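First comes the structure, then the notes that go with it.
Numbering (full-length UniProt numbering), first residue to last: 1 to 647.
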């Protein structure tokens, strides 16, 4: 072998192309059967085969349409989850079962989810306007995904679909491409599937929305929805399904929506809860708002353990979405909706925890957001600089406080009063600072009252004006809780009540101080009863009041009865007057509140106390009856000291 041969070995000749493989199969690197005129692969796929006669191929292309090559036909929801889609029209089986919006790509071009045709996945029955989609404030702060375009509009359908529940293994393996292959459907919750046939009609939904914004939205805990945006989203079929169902469920408690709607409202609430719990890993602002309605509905139905647990989920959701922080990148309306949602949760948590620190999840120190603005500015999208709840924040542009901010400030004071009373009755706490702390709270309550705007001062004229206005709920919330804060402080000295200090502690206190506190307690209850009497005189119609006011009225009645019949500290010339004010509380409960299990229990217990009063006038001791409080948590019927909480 020569040196040149060693240095430059001969190159390998390229393999000769097989004459039995067409150009298309060779390029695709697949086996070709070599059939002349056209191979099987090219015939099946509609490709141009190199074995064809060129003239025949031209004639064929000009007369016979080429079969469209297979493209991506799965809907966006299945495609994003990498789940096999059976491609049924107008909605695939998976979207129909999960209640997702089913959108297919437009043939012939890259599909835009916004312009693609969409079908509400409801089965059975025609598409319903309450399609599953994001709703008000869905562009709110979502951690690292917070939006800055600044309108509280629903997300696009594609974004919605990507938030579908993660598929199970049975979905990946068992969903058949055959539309008739129902035998291979994965096992699902039949109760949820059956409830699809009970979706609210458009007429019912519009009626509920109208009633909500006319009569119910002005309740402080329900003030987070913006009417114009909600109606626009509903008409465009872009309203969150769980939010719509829960809203109708709440309205069915306050107003008569028709025969059988109370039970159906309960079903809507249960279904909304199921939809949210199935999607726990994907929190959103509309789901938080729906949870607020569900929590309140559970409280109205006396399902307080459920409400207590769902409150924790809702607050964790809100904190995860960073609703407890202001985002300057968001527009005013978006930001205000998010703030009001967070403050609604604060009010609920304030009531549920009832002064127990271990149950409090939304402490004011965690809420780095402004207080809600005036309702008019919120409705008309007029930016406004609000104040803060914590004094550590400085807001130079803050104007007069809004109605909702006044309610929040009052509830904050009342919570701290309850927190103090819970600590005061603990057996290992001394009473050396009891008197000074009472004076501190009294001073704070006096300052709050002095700073109230003129239209919110307690007067007969203001009561008459607010009685025929949507602001009555907030007006009463301010003054009822202001007087109840006094009662909560001073009833620590009302021996015999479950909220009172232990007997050894009361004995150790100066008895003149105890006597003065007892007088202040029943005098505050009398002042509250006078406000209730003034409201009854006006006889307002169609005003919705929340459950916490009903419980406060019940507490007022208990204090008056206990002072009059058990402690017998009412002067003789006032005994009949106090008894009459107790009857005012009963009449207020009977005439001003909606019918539900919680209010019915309050009325029943108050009625039983009336019977005890009549017995007491004959010499029967009432101490045993009034010392046992059915509602042991001050604001809601949630007995935190009872094992029934965790049953």
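Built from N, CA and C at the ideal position, the CB exists for glycine as well.
These numbers come from a predicted model, not from an experiment.
Per-residue DSSP class, three states only, for residue 103: strand
Residues that residue 325 bridges to, as DSSP identifies them: 368
Straight-line Cα distance separating residue 46 from residue 18: 22 angstroms
Residue 413 in three-state terms, based on DSSP: helix
Residue 306 beta carbon less than 8 angstroms from that of residue 298: yes
Residue 260, buried or exposed, once every other Cβ within 10 Å from all chains shown has been counted against 16: exposed
Proximity to residue 304 [Cα-Cα], best of 348, 278 and 284: 348
Whole-angstrom C-beta distance between residue 50 and residue 80, which should lie under 8 angstroms: Wrong, their Cβ atoms sit about 39 angstroms apart, outside the cutoff.
Inter-stretch contact (C-beta, 8 angstroms, three-pair minimum) for the segment 523 to 538 and the segment 450 to 466: yes
Cβ neighbour criterion (16 or more within 10 Å) applied to residue 271: buried
Nearest to residue 425 (by Cα), restricted to the options 493, 362, 403 and 510: 493
Start-end ranges of the alpha helix (DSSP H) lying completely within the UniProt domain "Zn(2)-C6 fungal-type" (21 to 51), minimum 4 residues: 23 to 28 and 40 to 45
Selected residue, minimal CA-CA separation from residue 325, among 364, 268 and 300: 364
Counted within 10 angstroms of its Cβ, other Cβ atoms place residue 33 as buried (16 or more) or exposed: exposed
Enclosing alpha helix (DSSP H) for residue 266 [first to last residue]: 261 to 278
Residues of its chain near residue 358, where Cβ-Cβ distance is below 7 angstroms and the 5 sequence neighbours each way are ignored: none
Local conformation of residue 540 per DSSP, three classes: coil
Distance, residue 250 Cα to residue 407 Cα: 21 angstroms
Beta carbon of residue 524 nearer than 8 angstroms to that of residue 479: no
Contact check, residue 262 vs residue 252, beta carbons under 8 angstroms: yes
Proximity below 8 angstroms, CB of residue 333 to CB of residue 226: yes
Residues near residue 74 in its chain [Cβ-Cβ closer than 6 angstroms; skip 5 each side]: 85
From 435, 609, 244 and 35, residue whose alpha carbon lies closest to that of residue 201: 244
Beta-carbon proximity list for residue 562, same chain, < 7 angstroms, skipping 5 on both sides: 494, 496, 497 and 626
Distance CB(residue 602)-CB(residue 554) smaller than 8 angstroms: yes
Contact the segment 542 to 550 vs the segment 590 to 597: 3+ CB pairs below 8 angstroms: yes
Through-space distance from residue 295 to residue 224, alpha-carbon basis: 15 angstroms
Member of 367, 385 and 366 whose CA lies at the smallest distance from the CA of residue 374: 385
Environment of residue 411 [buried if 16+ CB atoms lie within 10 Å]: buried
Chain-order list of residues whose beta-carbon lies under 8 angstroms from that of residue 372 (same chain, five-residue window excluded): 223, 336, 339, 340, 343, 378, 386, 402, 404, 405 and 408
Cut-off 7 angstroms between Cβ atoms - residues of its own chain near residue 542, not counting five sequence neighbours on either side: 215
Secondary structure of residue 206, DSSP reduced to three states: helix
Residue closest to residue 328, alpha-carbon to alpha-carbon, out of 302, 369, 360 and 291: 369
Local conformation of residue 686 per DSSP, three classes: Summary: the structure shown does not reach residue 686, with the chain confined to residues 1 through 647, and so no result is reported for it.
Local Cβ density within 10 Å of residue 256, reported as buried at 16 or more and exposed below that: exposed
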